[in-house]
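Student: I have a structure here, written as structure tokens, and I will follow up with some questions on it.
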């Protein structure tokens, strides 16, 4: 029998079993990262992570938050889904003992087939699995929208109303009737402006973004932040945010910052972040939003040092918490560790760094 040492091993073995049973090579799986931005992890990349060949890309709270999707040809319209939360070590690799414990629970309950129908006793053991989690509503909607798009499945029943409302094709669709899942489906399926109806949709999404009621603006924000938006839509939203800098910091600033954050690596976004930090120094809500949603813009060293300095001025305890979370991100880790060694930091940041080091050494 094949040794089951990793999640990849288990899913591969399960696929082999399903293929033998069906007489075809039809079993498939996908891995999604729900830690920060909901996105697929290519199967080969995930296998490399499990072999300790590369770090987990974007952990949150020292954990990898995963959505595992498994299906066969007969079940593609209704795939099996697990939401699994696994701890990471200081190198951002899976803690092997925790992963093996998770696998032992699964294999004990289901054998080598994740599609097996569990007995009542097995179902109880699965429910008590300490590594299972339930995503929040917005993250769950983003996940389902992405999975159904990637598997070539139709969107939810709420998609057509969302499309009609935001394209302004049907004035009888009230915003109160829109489903969150429909909004996520719409954003996940945004296409090239040359495709039929897309140019109009992009224009209405950008022009109406700040005028829609708060619940719609929030739902759009929570959907857009997981996707690289079409260039025209992204640029129009960024232009609106740039035009608001200097106004009193408010919810629309945060909504636009988050909605465009999937392209936080762009030079335009990084320059915008510097302007926001310079215009609204030490604002805790802004700093927390950047750390949680726009962390990739902190790859710019000037942004990172200013961000940390303002965190230290705002709250030493928040600084320590944010530093420990961000240092787990492989993109930021070397930059953050280099800042610990600098001797020309501001007195406030230097004190916060010293407190962080003292807490770390004492195990706090």
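Residue numbers (our numbering): 3 to 366. Beta carbons are placed, not taken as given, at the ideal position from N, Cα and C, and that holds for glycine.
1) Determine the extent of the beta strand (DSSP E) in which residue 85 is found, giving its start and end residues.
2) Is it true that the CB of residue 49 sits closer than 9 Å to the CB of residue 10?
3) Following the continuous beta strand (DSSP E) through residue 35, name the residue where it begins and the one where it ends.
4) Got a sec? Which residues, its chain only, sit under 8 Å from residue 341 by beta carbon, not counting five neighbours each side?
5) May I ask you to report which of helix, strand or coil DSSP gives residue 125?
6) Go to residue 41, then tell me how far its alpha helix (DSSP H) extends in each direction, as first and last residue.
7) Please report the straight-line C-alpha distance between residue 100 and residue 34, rounded to a whole angstrom.
8) For the beta strand (DSSP E) that contains residue 72, what are its first and last residues?
9) How about residue 124 and residue 112: are their beta carbons less than 9 Å apart?
10) On the premise that residue 298 lies in contact with residue 261, defined as a C-beta separation below 8 Å, what is that separation, rounded to the nearest angstrom?
11) Is the Cβ-Cβ distance between residue 169 and residue 199 less than 9 Å?
12) Apart from the five residues just before and just after residue 140, which ones in its own chain have a Cβ nearer than 6 Å to its Cβ?
13) Mind checking which residues open and close the alpha helix (DSSP H) that includes residue 202?
14) Among 324, 269, 281, 280, which one has its Cα closest to the Cα of residue 294?
15) How about residue 212 and residue 251: do their beta carbons lie closer than 9 Å?
16) Compute the beta-carbon to beta-carbon distance between residue 316 and residue 284, rounded to the nearest angstrom, for a pair I have assumed lies under 8 Å.
17) Helix, strand or coil for residue 96 per DSSP?
18) Using the three-state DSSP reduction, which class does residue 175 fall into: helix, strand or coil?
19) At the level of alpha carbons, what is the spacing between residue 239 and residue 336?
20) Assuming residue 245 contacts residue 145 (C-beta within less than 8 Å), just tell me the rounded distance between them.
21) What residue range does the alpha helix (DSSP H) around residue 329 cover?
22) If distances are taken between C-alpha atoms only, which option among 289, 301, 216, 186 comes closest to residue 157?
23) Determine the contact status of residue 96 and residue 52, defining contact as a CB-CB distance below 9 Å.
24) Under the assumption that residue 85 contacts residue 134 (Cβ atoms under 8 Å), give the Cβ distance between them as a whole number of angstroms.
25) Go through its chain and collect everything with a Cβ distance to residue 98's Cβ below 8 Å, but skip five positions before and after it.
26) As a quick exercise: from 255, 364, 94, 321, pick the residue whose alpha carbon is nearest that of residue 56.
27) With distances taken Cα to Cα, identify the nearest neighbour of residue 63 among 72, 80, 38.
28) Let me know if residue 67 comes out buried or exposed under the rule of 16 or more other beta-carbons within 10 Å of its beta-carbon.
29) Please report how far the alpha carbon of residue 5 lies from the alpha carbon of residue 102, in whole angstroms.
30) Which full runs of the beta strand (DSSP E) of 3+ residues lie inside the segment 240-266, going along the chain?
31) Quick one: what does DSSP say residue 62 is sitting in, helix, strand or coil?
32) Can you give me the start and stop residues for the alpha helix (DSSP H) that residue 151 sits inside?
Tutor: Reading it off the structure:
1) Unbroken beta strand (DSSP E) run through residue 85: 82-89.
2) Yes, Cβ-Cβ distance for residue 10 and residue 49 is below 9 Å.
3) 30-35 is the span of the beta strand (DSSP E), which, as asked, contains residue 35.
4) These residues qualify, in order along the chain: 306, 307, 310, 347, 355.
5) In the three-state reduction of the DSSP assignment, residue 125 falls in the helix class.
6) Careful: residue 41 lies outside any alpha helix (DSSP H), inside the beta strand (DSSP E) at 41-43.
7) Using only the alpha carbons, I get a separation of about 19 Å.
8) Run containing residue 72: 65-73, per the beta strand (DSSP E) assignment.
9) Yes, they are a contact pair.
10) Taking a contact as a CB-CB distance under 8 Å, the pair residue 261 and residue 298 does not count as one, their CB atoms being some 15 Å apart.
11) Contact: yes.
12) 224.
13) For residue 202, the enclosing alpha helix (DSSP H) covers residues 200-210.
14) Per the Cα distances, 324.
15) Cβ atoms of residue 212 and residue 251: not closer than 9 Å.
16) The beta carbons of residue 316 and residue 284 sit about 5 Å from each other, so the pair counts as a contact at 8 Å.
17) Residue 96: strand per DSSP, three-state reduction.
18) Three-state result, residue 175: coil.
19) Cα-Cα distance, rounded: 32 Å.
20) Not confirmed; about 33 Å, so no contact.
21) It is not in any alpha helix (DSSP H) - residue 329 carries neither H nor E in the DSSP assignment.
22) Distances from the CA of residue 157 to each of 289, 301, 216, 186 were compared; the closest alpha carbon is that of 186.
23) Less than 9 Å divides the Cβ of residue 96 from the Cβ of residue 52.
24) Residue 85 to residue 134, Cβ: 6 Å. Contact.
25) When the five nearest sequence neighbours on each side are left out, no beta carbon in the same chain lies closer than 8 Å to the beta carbon of residue 98.
26) The shortest CA-to-CA distance from residue 56 to any of 255, 364, 94, 321 is the one to 94.
27) When only C-alpha atoms are compared, the closest one is 38.
28) Result: buried.
29) One C-alpha to the other measures close to 12 Å.
30) Listed in chain order, there is nothing to give.
31) Residue 62: strand per DSSP, three-state reduction.
32) In the DSSP assignment, residue 151 falls within the alpha helix (DSSP H) that extends over 139-152.
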